[in-house]
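Peer 1: Below: one structure in structure tokens.
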Amino acid sequence: MIWNTDYETLPRGDIAGLQGERLGRLVDVLYRRVPFYRKKMESLGVKPHDVQGIADVVKLPFTTKDEMRDVYPYGLLAVDLKEIVEIHTSSGTTGKPVVDAYTAGDIEVWAEVMARTLAAGGTTRHDIVQNAYGYGLFTGGLGVHYGARKIGATVIPISGGNTKRQLAILQDFKSTIVTCTPSYSLFLAEAAREEGIDLGKVGLKAGFFGAEPWSESMRAEIEEKLRALAIDIYGLTEIIGPGVATECERQDGLHICEDHFYPEIIDPETGRVLPDGEKGELVITTITKEGTPVLRYRTRDITYLDHSPCACGRTSVRMHRVLGRTDDMLIIRGVNVFPSQIEEVVLKFEGVEPHYQLVVERRDQLDELEVQVEMNERMFSDEIKNLERTERSIEADLYATLNIHTRVRLVEPKSLARSEGKAKRIIDKRTL
Ligand code: DLL
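All residue numbers for the sequence shown refer to this note's numbering, where the first residue is 14 and numbers rise by one.
What follows is the structure, given as structure tokens:
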């Protein structure tokens with residue numbers, strides 16, 4: 014279902030015109046009101062009148078996460094603080110958090126793009142949305158909440174965690190939509206099985222999963238266990254939260270809400286803009302944001318763009334599912350490896366569970382990657398030689414795909430830590 018046909022099916026030429034106008038207005042505001050951006054533009058010798066259309070975006074400066082942290086808490090405000098109605102921040106586990114301050118207009122836009130997201134996977138006002146993303150400073154909970162309210166669906170704001178209660182509510186309230194991280198959805202499925210609950214009978218229609226990378230193999234697992242359509246949704250605090258891009262029911266790339274967020278793909282080394290189909294770092298400019306707009310934000314997420322039309326009728330550009338992050342990329346003996354590539358290979362094997370962890374160590378100057386994967390109960394009770402055979406075949410497949418030798422270790426069922434939010438996949442023990 015298309016929520017806003019006016020904007021979601023706008024002819025390409027009109028999209029570019031609209032983006033150009035909006036970018037022009039934004040640059041004007043930033044130059045006048047945000048010293049941080051005025052300085053950056055001055056250092057490149059760019060003035061607002063140099064931006065006459067969307068193609069001129071390349072003249073503008075990039076923004077990095079570190080720069081946003083440096084001006085914490087209010088350095089990016091483009092309006093008076095009294096215009097701000099809500100604030101969210103990134104988790105800040107690795108330093109000062111990034112602040113996203115919303116005006117009433119920004120919250121309207123957020124509700125709109127999240128309504129598009131939820132509708133793209135079939136949500137209507139008749140649905141019951143069990144929202145298991147965390148409420149609080151994290152954007153997942155309230156972002157989904159505003160979108161579901163806009164559609165007129167019933168929201169159950171259960172937030173993350175409390176798995177037993179999630180299962181009780183799923184059954185008692187007959188939720189038709191679930192929203193959480195993909196890893197948590199599998200944890201829910203596992204807990205349901207233990208309680209003897211058949212999730213297939215609950216009547217879930219769809220789930221909206223994001224906030225962390227996941228693979229097609231993981232999607233197959235989730236759809237089988239939940240017997241529901243699994244939709245990939247993408248977003249980040251620096252831009253708005255969830256609502257930046259979503260898959261439609263075709264599940265063939267994520268439609269970017271281009272009338273609000275202008276995407277580019279760049280070579281992360283040189284900053285050069287790359288054409289459709291070439292992998293690189295996603296960069297986003299928030300062309301309608303009022304509170305804390307950003308120019309050319311470097312997301313560190315690796316993907317590529319596709320402007321070809323989608324069978325669903327939307328005209329927006331699509332991004333491929335996130336392949337990894339520039340900062341999650343493991344360099345193992347010089348080879349670039351993303352956890353999602355390993356996930357894709359490992360989960361194709363019978364008898365393994367979608368719970369895994371990557372441990373990297375350096376021995377005698379050489380990197381060693383151990384892939385720990387949980388096996389299911391059946392395989393756990395199998396003979397050792399069969400387990401070893403599976404381990405060796407996974408290693409061979411990983412070698413064929415990645416061209417690096419890994420050590421695969423099947424571990425006991427439920428021995429790896431579960432997360433209620435974003436899963437932690439990498440343990441890097443190397444000291445450089
Ligand atoms: O994770 C916003 C969100 C909430 C998105 C709920 C989707 C659903 P942050 O905590 O700022 O915001 O983290 C943003 O998470 O740069 C990506 O690396 C990653 N990420 C988000 N969605 C996806 C996805 C929220 N669908 C960072 N696939 C982003 C892969 C994703 N990675």
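C-beta atoms are modelled at their ideal positions from N, C-alpha and C, and glycine is treated no differently. Here the structure is a predicted model, which means the values were calculated and not measured.
Starting from D441, follow its DSSP beta bridges and name the residues at the other end.
Peer 2: The residue labelled residue 441 in the question sits at position 428 within the sequence shown. DSSP lists V373 as partners of D441.
Peer 1: Please say whether V335 and I355 have beta carbons closer to each other than 8 Å?
Peer 2: Position 342 of the sequence shown holds residue 355. Position 322 of the sequence shown holds residue 335. Result no, Cβ atoms of I355 and V335 do not sit closer than 8 Å.
Peer 1: Taking contact to mean at least 3 C-beta pairs separated by less than 8 Å, is the region 249-263 in contact with the region 299-312?
Peer 2: yes
Peer 1: What residue from Y412, D69, L199, V168 has the CA that sits closest to K187's CA?
Peer 2: Counting from 1 along the sequence shown, the entry for residue 187 is found at position 174. When each option's Cα is compared against that of K187, the closest is V168.
Peer 1: What are the uninterrupted segments assigned as alpha helix (DSSP H) that are 4 or more residues long and contained completely in the region 60-122, given in chain order?
Peer 2: 78-83
Peer 1: Let me check one thing: in DSSP terms, what residues is V142 bridge-paired to?
Peer 2: Taking the sequence shown and counting its residues from 1, one reaches residue 142 at position 129. Its beta-bridge partners are V168, I190.
Peer 1: Which residue spans inside the region 245-302 form an unbroken beta strand (DSSP E) run of at least 3?
Peer 2: Every unbroken stretch of the beta strand (DSSP E) spanning 3 or more residues and falling wholly within the region 245-302 is given here in chain order: 254-260, 267-269, 274-279, 293-299.
Peer 1: Reducing DSSP to helix, strand and coil, say where F393 ends up.
Peer 2: Taking the sequence shown and counting its residues from 1, one reaches residue 393 at position 380. Three-state result, F393: helix.
Peer 1: Going by CA-CA distance only, name the one from K238, V59, E396, D377 that's closest to L217.
Peer 2: In the sequence shown, counting from the first residue as 1, residue 217 sits at position 204. Measuring from the Cα of L217, the nearest candidate turns out to be K238.
Peer 1: Between G58 and F75, what straight-line distance do the alpha-carbon atoms span, to the nearest angstrom?
Peer 2: Walking along the sequence shown from the start, residue 58 turns up at place 45. Walking along the sequence shown from the start, residue 75 turns up at place 62. In a straight line, the C-alpha of G58 is about 14 Å away from that of F75.
Peer 1: Give a single yes or no on whether F362 has its beta carbon closer than 7 Å to a heavy atom of the ligand DLL.
Peer 2: Taking the sequence shown and counting its residues from 1, the one referred to as residue 362 is at position 349. Checking the Cβ of F362 against the ligand DLL gives no.
Peer 1: Where E282 and L43 are concerned, what is the direct C-alpha to C-alpha distance, given to the nearest angstrom?
Peer 2: One-based indexing of the sequence shown puts residue 282 at position 269. One-based indexing of the sequence shown puts residue 43 at position 30. One Cα belongs to E282, the other to L43, and the distance between them is close to 27 Å.
Peer 1: Given 7 Å as the limit, tell me if L343 has its C-beta closer than that to any heavy atom belonging to the ligand DLL.
Peer 2: Within the sequence shown, residue 343 is the residue found at index 330, counting from 1. No, the beta carbon of L343 sits no closer than 7 Å to any heavy atom of the ligand DLL.
Peer 1: Taking 7 Å as the cut-off, does the CB of Y247 come closer than this to any heavy atom belonging to the ligand DLL?
Peer 2: Position 234 of the sequence shown, counted from the first residue, corresponds to residue 247. Y247: yes, Cβ under 7 Å from the ligand DLL.
Peer 1: Just to confirm, does E208 get its C-beta within under 7 Å of one of the non-hydrogen atoms of the ligand COA?
Peer 2: The ligand COA is absent from the structure shown, which contains only the ligand DLL.
Peer 1: Whose CA, out of M14, I15, E21, lies closest to the CA of F274?
Peer 2: Locating residue 274 in the sequence shown gives position 261, counting from the first residue. Nearest to F274 by alpha-carbon distance, out of M14, I15, E21, is E21.
Peer 1: When the Cα of A233 is compared with those of S196, S432, E396, E80, which residue comes out closest?
Peer 2: Residue 233 sits at position 220 when you count from the first residue of the sequence shown. For the residues S196, S432, E396, E80, the minimum Cα distance to A233 belongs to S196.
Peer 1: What are the start and end residues of the alpha helix (DSSP H) that includes E21?
Peer 2: In the sequence shown, residue 21 corresponds to position 8, counting from 1. Segment 18-21, the alpha helix (DSSP H) holding E21.
Peer 1: For the alpha helix (DSSP H) containing T176, name the first residue and the last one.
Peer 2: Your numbering for residue 176 matches position 163 in the sequence shown. For T176, the enclosing alpha helix (DSSP H) covers residues 176-185.
Peer 1: Any contact of the region 333-351 with the region 115-128, i.e. 3+ C-beta pairs under 8 Å?
Peer 2: no
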